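Structure, as structure tokens:
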Amino acid sequence: RPLALGEHLDCELFAGAYVRQQALKAILWRRVVDGGMAGAIVWFWGGLDGRGLHAWGEASRGMARFEDILLSHEPAHLSNACRGLPPDDVAVRQRGRDTILVLFNDAQGAEKPFTLTLPVGMRFRVHDYYKEHSAEASGTWAGTIPGNDVAVLLLNQL
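Residue numbers (the numbering used here): 127 to 284.
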């Protein structure tokens with residue numbers, strides 16, 4: 127059952143609004159994940175500066191790139207693959223041999239490490255979308271998420 131959640135982006139309403147702008151990419155991804163992948167509605171963005179507009183663009187770019195996977199209703203076989211993050215900070219969607227993991231770090235400033243435990247005997251190409259880094263992996267793969275940010279990983283089964 128689709129649900130769209132919104133975010134009011136008026137920096138003058140909130141104390142610490144600049145922190146919100148730095149975390150905006152993660153906030154928008156969280157709204158899409160929490161809303162059942164139906165979308166995010168932005169009601170107002172008049173107070174954003176360059177940081178907020180850049181974060182908005184980065185979130186939109188990622189969601190457009192993975193829209194087909196986000197909208198897929200296939201069961202995600204790697205839903206328990208991530209170690210080091212609470213379950214609420216991990217969203218997994220799959221379409222065919224492609225899986226995305228959307229990983230959140232709500233801690234301000236501190237990078238958070240995580241490890242993917244991959245199925246035995248299977249090889250994957252792991253692509254960190256925002257860090258623009260790819261590697262082949264089997265067994266485990268480790269990474270980090272910047273503070274107040276999101277990592278989006280694309281796993282292609284080889």
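Using N, Cα and C, we set each Cβ at its ideal position, and we do this for glycine too. Quantities reported herein were computed from a predicted structural model and do not represent experimental measurements.
- Put simply, of V252, A152, L150 and V276 the residue whose alpha carbon is nearest the alpha carbon of A207 is V252.
- Sorting H199, Q234, R156 and G235 by C-alpha distance to the C-alpha of G188 places R156 at the top.
- E193 and L242 have their C-alpha atoms spaced approximately 23 Å apart.
- Take A202, set aside five residues on each side of it, and the residues of its chain with a beta-carbon closer than 8 Å to its own are V218, R219, Q220 and T225, in chain order.
- When the Cα atoms are used, G222 and R191 turn out to be separated by approximately 16 Å.
- Cβ contact annotation for A277 (same chain, cutoff 7 Å, sequence separation greater than five): L229, D254, Y256, G269 and I271, in chain order.
- Non-local beta-carbon contacts of G235 in its own chain, meaning distances under 8 Å to residues more than five positions away in sequence, involve G273 and N274 in chain order.
- Between R209 and F240, the gap from beta carbon to beta carbon is short of 8 Å.
- Inclusion of L244 and A263 in the CB contact set at 8 Å is warranted, their separation being smaller than that value.
- With contacts defined as CB atoms closer than 8 Å, L227 and L279 qualify as a contacting pair.
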